[in-house]
């Protein structure tokens, strides 16, 4: 027999027979009305689990990971405020149901069953996933999270203190709020969880406000792998800067009392706490998982005997709040009600096209207060002597610094964070003077953990800030790429545009560093970013373009709530010369603060029709170096600087190559997985496709030392390819 059916029949028979588990008497704190309400939330959670399994068997539901055994989380919700932002474990339906009882006008059973049925009327995801989440309940939706939501919970908690000091225009969370994140005991071992918990403690010991409640739901097992007995307490009880609390999650009275104490500590002390709840897992992990294939029948039955609903029936009876007969009637009525609602939910319409599914990839635009930019007085006071230098050509690194300064003057909600960005001014000096200009609250020196940097940005974005996190080197992103792929980029998608976490992620990357090489610091692969739906990727090649594109990136994040990656070519940071020593050919003056380059606007240099060189970043620099030799061979050429790598600026490319006989793609990234593959496809699919070839990097890592550029495109390689493609070289 199905374990869910066994648990169901055990509950019915044991309550009817008065065969209830023993335990501590009800602790004071919950009123009888509150206790009955929590029991109703627990029962609805259980009924929904059973109904979802029935819907799947009938082909009406599609995902059945459940919350049975974790119904004590209803008491945690009761101990919090519905405005406290909650990043939930996937077993926390009872938490969401109990929170719905705190907010008028909710139809939580109907809403959740629409989600189970993947109906496009589902108010959370619009039919895209069975997720917990609700805008009205301040629960950003999560999918099958392991621990990837913990770093952004740390960021959201940090934002609460930061918003007190610098209230952003689009502030979402109350001043006295706290953040909560919940997860399982197995997830606590994940490097992402350990990093987030470490970051919380690291922040707390420095007396920086971080009102965050970690809730670990310890059922002793992760899918089929047991957690060592006592492991969570032993590993978490004495974490520096984090207060440890423990409760029996099977007992709603004890859970409420301890959760209330923990929440009060977090709210009043503005410090993180760790609430360790003992739970059980019923039905196995998810779907068709059969626990008796990896646990003995005795172990499974022992867990089932500790059903938290049975404990609640006993506690309510001892408190005089509800008799077992009344509790049983509530259970049976709730099961019947969910079945009736499910029958109707299963008839509601589904998403029917790719366009409908993708409609929420891009978050909605939001109204922002108009601004005329920083005043002349503010700029003079902030820039000082740098104002005089703006009339002279400068390298890219300095122009990015000035652009950041102007943007931070104009938009008080901008916060930059990363390793060494503040006091040191960045590993390449790009953010020099910014901490002196704007203070450590807005130029945050983080610990050396990329997951925490991006989580801080995501969480602050939840509360109206405009984060500009920095990753020191492109290769370092791989330590934390899921914070973009699985969290930031998916949030609008899975919330049907109701939640967003806008940011401009600055990454120093690409190749051609002569004195500081190796593949850790010269990473020329963008594949990890290019295939993330909804993410914008910008890559400037000149200082003037960098300043104007960065302004557009900030506009896209601020007004359109987009996740934008601003990729800065390291080798071009200090570049001054183009063709000869001290010619200054690659430096530009600082563009007026009101000028920007719009998303999708490419750069076109020249008007030749024999050859169009399509490139970006260092490829643009090398192509300009190659141009005199190409033209000397009688080839009339133009150079098209992509600037925007994703989404591909198709219309602008089509217009920019109009009338060109040949297209040469110069891509400093690798032959496999590079931008050049998409460009080759684009030109091949054109109705009047020009003859097309490419110059790319080899499928190889980059070496340190004299061979740093050996696998990469070169000026001579571009010249040779241009001559060959146009037929000049026979």
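Residue numbers (the UniProt record's numbering): 1 to 730. All C-beta atoms, glycine included, are put in the ideal place defined by N, C-alpha and C. Quick caveat, the model's predicted, so the values are computed rather than measured.
Would you report the Cα separation of residue 198 and residue 650, rounded to the nearest angstrom? 44 Å
Cα-Cα separation between residue 425 and residue 444, rounded to whole angstroms: When rounded, the distance between both Cα atoms is 11 Å.
Those runs of the beta strand (DSSP E) which lie wholly inside the segment 439 to 513 and span at least 3 residues: If one requires a minimum length of 3 residues, the beta strand (DSSP E) runs lying completely within the segment 439 to 513 are 443 to 445, 466 to 471, 503 to 509, in chain order.
Hey, would you say residue 478 sits closer than 7 Å to residue 702, going by beta carbons? Against a cut-off of 7 Å, the Cβ pair of residue 702 and residue 478 comes out as no contact.
Name the two residues that bound the continuous beta strand (DSSP E) containing residue 726. Element bounds for residue 726: not the beta strand (DSSP E) but the alpha helix (DSSP H), 715 to 726.
Please report the straight-line C-alpha distance between residue 600 and residue 212, rounded to a whole angstrom. 40 Å
Residue of 115, 39, 596 minimising C-alpha distance to residue 314: 39
On the criterion of 16 or more Cβ atoms from any shown chain inside 10 Å, does residue 539 qualify as buried, or is it exposed? Result: buried.
Could you spell out the range, first to last residue, of the alpha helix (DSSP H) harbouring residue 660? Here residue 660 belongs to no alpha helix (DSSP H), and DSSP marks it neither H nor E.
Could you tell me the distance, in whole angstroms, from the CA atom of residue 338 to the CA atom of residue 316? 23 Å
Mapping DSSP to helix, strand and coil, what is residue 644? Residue state, collapsed to three classes: strand.
Residue range of the beta strand (DSSP E) that residue 604 falls in? 603 to 605
Give the straight-line distance between the Cα atoms of residue 250 and residue 41, rounded to the nearest whole angstrom. Distance between the alpha carbons of residue 250 and residue 41: 14 Å.
Three Cβ pairs or more, each shorter than 8 Å: is that satisfied between the segment 479 to 492 and the segment 660 to 677? They do not touch, by the three-pair rule.
Can you list, in chain order, the residues of its chain with a C-beta nearer than 6 Å to that of residue 476? Leave out the 5 residues immediately preceding and following it. 450
From residue 577 to residue 177, what distance separates their C-alpha atoms? 53 Å
Only counting the same chain, and skipping five residues up and downstream in sequence, which positions put a Cβ closer than 8 Å to that of residue 546? 396, 399, 400, 403, 540, 568.
Where residue 296 falls, given that 16 or more other Cβ within 10 Å makes a residue buried: exposed
Mapping the DSSP letters down to three states, classify residue 520 as helix, strand or coil. coil
Note down the Cα distance separating residue 581 from residue 512, rounded to an integer number of angstroms. 18 Å
Alpha helix (DSSP H) containing residue 8: first to last residue? 3 to 17
Identify the continuous beta strand (DSSP E) that holds residue 248 and give its terminal residues. 243 to 248
Does the segment 583 to 591 come close enough to the segment 387 to 394 to have 3 or more Cβ pairs within less than 8 Å? yes
Would you be able to state if there are at least three C-beta pairs under 8 Å between the segment 229 to 245 and the segment 51 to 65? Flag = no, the segment 51 to 65 and the segment 229 to 245 do not touch.
Drop a sphere of 10 angstroms on the beta-carbon of residue 335, count the other beta-carbons inside from all chains shown, and report buried for 16 or more, exposed for fewer. Taking every protein chain shown into account, the CB of residue 335 has 16 or more other CB atoms within 10 angstroms, so this residue is buried.
Would you check if the segment 597 to 614 and the segment 411 to 430 touch, i.e. whether three or more CB-CB distances between them fall below 8 Å? no
Distance check for residue 146 and residue 514, CA to CA, integer angstroms please. 41 Å
Go ahead and pull the three-state DSSP assignment for residue 359. coil
Consult DSSP for residue 178 and reduce its assignment to one of helix, strand or coil. The answer is coil: DSSP assigns residue 178 none of H, G, I, E or B.
Under 8 Å by Cβ, that's how I've got residue 168 and residue 413 pegged, so tell me the actual separation to the nearest angstrom. 4 Å
Would you call the CB atoms of residue 244 and residue 274 closer than 7 Å? yes
Roughly how many angstroms lie between the CA atoms of residue 371 and residue 342, to the nearest whole one? 50 Å
Between the C-alpha atoms of residue 351 and residue 415, what's the straight-line distance to the nearest angstrom? 38 Å
Limits of the unbroken beta strand (DSSP E) element including residue 608: Note, residue 608: premise wrong, no beta strand (DSSP E); not H, not E.
Output the boundary residues of the beta strand (DSSP E) element that contains residue 563. 563 to 569
Measure how close the beta-carbons of residue 608 and residue 654 come, nearest whole angstrom, since I'm counting them as under 8 Å. Incorrect: roughly 17 Å between the Cβ atoms, too far for contact.
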